[in-house]
Amino acid sequence: MSNYIVKAKEVTKTFGRRLIFEGISFYHKGNGIFGVSGPNGSGKSTLIKIVAGLLSPSRGKIEHKNQNKDIIPEKLHNHIGFVSPYLVLYEEFSAWENLNYFARIRGIRFEKERVESLLEHFLLFNRKDDLLKTYSSGMKQRMKFIFALMHNPELLILDEPTSNLDVEGKNSVYRIIREEGENNIVIIASNESTDLDLCSDVIHLDKYKN
Amino acid sequence: MKSKSFSLFLKDYHSELRTRYAINSLAMFIIVAISIIMFAVGQEKVSESLTGGLFWVVIFFTAMSGLSRAFVSEEERGTSLTLQLLSAPSTVFSGKLIFNIILVFCMNTIIALLYSALFETFIIRNFSLFILSFVLGNFGLAISSTIIAAIIAKAGAKGTLYPVLSFPILLPLILTSVQLTLFALDGTSIEQAKYELAIVVSYDVIMLTVSYLLFDFIWKD
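These protein sequence lines map, in sequence, to chains A and B.
Numbering follows my numbering, in which position 209 of the first sequence is assigned residue number 209; successive positions increment by one, without gaps.
Numbering follows my numbering, in which position 106 of the second sequence is assigned residue number 106; successive positions increment by one, without gaps.
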C-alpha cells in the first residue's frame, strides 16, 4: 500500500458567476477506489481536474502528500495517472513511439517489460508499431490507460474510464482498477453504475450546489 | 530538466517531420515574400538601408506565419492536456523554446543566404557584427514568439491575435536589429555599435526572464 494522501478542504469552483459546486471535502489515504458522480454538467470533470492540479479551485484547497511530505505542484504530474475523454495522444506516432517519448519527457527510464505487459493487458501489443491515427476509439481509450499507468502513479484519476470500450475492454479496465485500488488511490468520475459499483465511497455532486 | 526539455524538442522535431505543420508554410512564405520584393524592385538599384530593412521585414512576417505552431498545434490537436500531465511548465517552455530557436536560425539563415545571392547591395562589410546581431536578434525573436504563441494558443482568433500581440512586443527588437544590420552592411565597428548590442542583449534577458515567470500562469487553465 502506498503512503499517498490526497485531501480536499472545502473546495468550491465557479466559472464567472456560475457556481459549479461548493464545499467539497474528502480525505483519501494509501489505497482504495472512490467515485464522483452527478448528472451531465454537474462538474465531475472539473472536480477531478482540480484534484489533478490542472485547474485551480475558486476557494478551498487540495493537498497531495507522499511519505508525509507535501508534493509541490511542479512535481505533481509524476504521482498522477490521468485518463479522460479530453486526453488526446499524438496520432502521428505509433503507440510504442508515444510511450517512449512520454517516458523521456517525464525524465524516467523507459521500462520495456512494464510497457510490454501493459500493451498485452490492454490487447494492443500486436498493434504497438501502428500509428495512433489508425486506431479505433476503443483502442485509443485503452492506450490512454497505458499512458496513465506506465510510470506507476500513486493516484489514478479516471474520468469516464469505460467510454468507447467493448465488453472485453471494460473487463480489462475493471481488472486493472481493482488491482490498482489495492495498492494505490483510484478516483473514478462516472455516471455508469457498473463503474461506481467498484467504489467504496462516492461523492454525489448534485448535493454540493448550495 | 535539460534532458526532459530536449526530449520534448525531439518529440516536436519528429512530429514536424511527419506533419510538416510549420516547415511548409515557412518555406512558402520565404519564397513568396522574397519573390514579391524582387518583382517590385525590378531593375531599380535598392539602397543598402532599404535592403537591411526589407531583410527584417521578411524575417518578421515569416516568423508570424510559422512560429506560433509551437503551442497552437498542441492546442488544436488537443494534446496540451497530455503535455500538462507529462512535465512541469518550465520543461514545456524550454522544449518549445529550443524548437523555435532552431527553427528561427534555420529559417533566417536561408533568408540571409537568399538575400546575399539576390540583392547586389546586401554586402556585409563587418561580418562579426552581422553574426552577433543575427544571433542575438534570432534569440530575441524565438523567445518572444514562443511566449506569445503560448498566450494566444488558448484564444479564439489565434491567427489575428498573433501578429497584433507580436508587433508591439517585437518592435524594439526589430528596430534595433535593423540598425545593427545596417551597421554591418556599412562596415561600422562592434565598438561603435555597442549601445545597440546592449539593447538587444537586455531585450533577450528581459524576455527570457519574464517568459519563465509568466509561463506557469499562462499554461494552467
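For each residue, glycine too, the CB sits at the ideal point set by N, CA and C.
Residue 210/B counts as exposed, since fewer than 16 other beta carbons sit within 10 angstroms of its beta carbon. Residues of chain A whose Cβ lies closer than 8 Å to the Cβ of residue 88/B are, in chain order, 74, 75 and 77.
In this structure, the straight-line span from the alpha carbon of residue 176/A to that of residue 144/A is close to 13 Å.
Within chain A, the C-beta atoms nearer than 7 Å to that of residue 77/B come from 88, in chain order. Restricting attention to beta strand (DSSP E) runs no shorter than 3 residues, the stretch 5–65 of chain B encloses none. Pairing residue 127/A with residue 127/B, the inter-Cα distance amounts to about 54 Å. In the pairwise beta carbon analysis, the stretch 11–23 of chain B is classified as not touching the stretch 34–44 of chain A: fewer than three pairs are separated by under 8 Å. In the DSSP assignment, the residues bridged to residue 186/A are 33/A and 156/A. CA-to-CA, the gap between residue 31/B and residue 66/A works out to about 55 Å. Residue contact with chain A for residue 176/B: absent (no Cβ-Cβ distance below 7 Å to any residue of chain A). Taking a C-beta distance under 7 Å as the contact criterion, residue 151/A and residue 114/A do not qualify as a contact pair. Fully contained in the stretch 86–112 of chain A are the following alpha helix (DSSP H) runs of length 4 or more, in chain order: 95–106.
Setting aside the 5 residues that flank it on each side, residue 49/B is surrounded in the same chain by 182, each with a C-beta closer than 7 Å to its C-beta; the list follows chain order. Residue 201/A is not a Cβ neighbour of residue 21/A, given a cutoff of 7 Å. Listed along chain B, the residues sitting closer than 7 Å to residue 105/A by beta-carbon distance are 4, 7, 8, 11, 86 and 87.
For residue 152/B, the closest alpha carbon among the candidates 87/B, 114/B, 64/B and 202/B is that of 64/B. Listed by position along chain A, the residues whose Cβ is nearer than 7 Å to that of residue 18/B are 92. Listed in chain order, the non-local C-beta contacts of residue 29/A below 6 Å within the same chain comprise 5, local neighbours out to five positions each way being set aside. Around the CB of residue 168/B, fewer than 16 other CB atoms lie within 10 Å, so the residue is classed as exposed. Contact note: residue 45/B does not reach chain A at a C-beta cutoff of 8 Å; the least C-beta distance is about 48 Å. Residue 178/B sits close to residue 53/B, with the two beta carbons spaced by under 7 Å. Within a 10 Å sphere around the beta-carbon of residue 104/B sit 16 or more other beta-carbons, which makes this residue buried. Distance from residue 111/A to residue 125/A at the Cβ level is roughly 15 Å; contact not present, criterion being Cβ atoms closer than 8 Å.
If you draw a straight line from the Cα of residue 201/B to the Cα of residue 7/A, it is about 46 Å long.
Residue state for residue 54/A is assigned as coil, using DSSP reduced to three classes.
Closer than 9 Å at the C-beta level to chain A, one finds these residues of the stretch 195–220 of chain B: 216 and 220. When Cβ pairs closer than 8 Å are counted between the two stretches, the stretch 108–121 of chain B is seen not to touch the stretch 186–203 of chain B, the count staying below three. For residue 65/A, the enclosing beta strand (DSSP E) begins and ends at 59–66.
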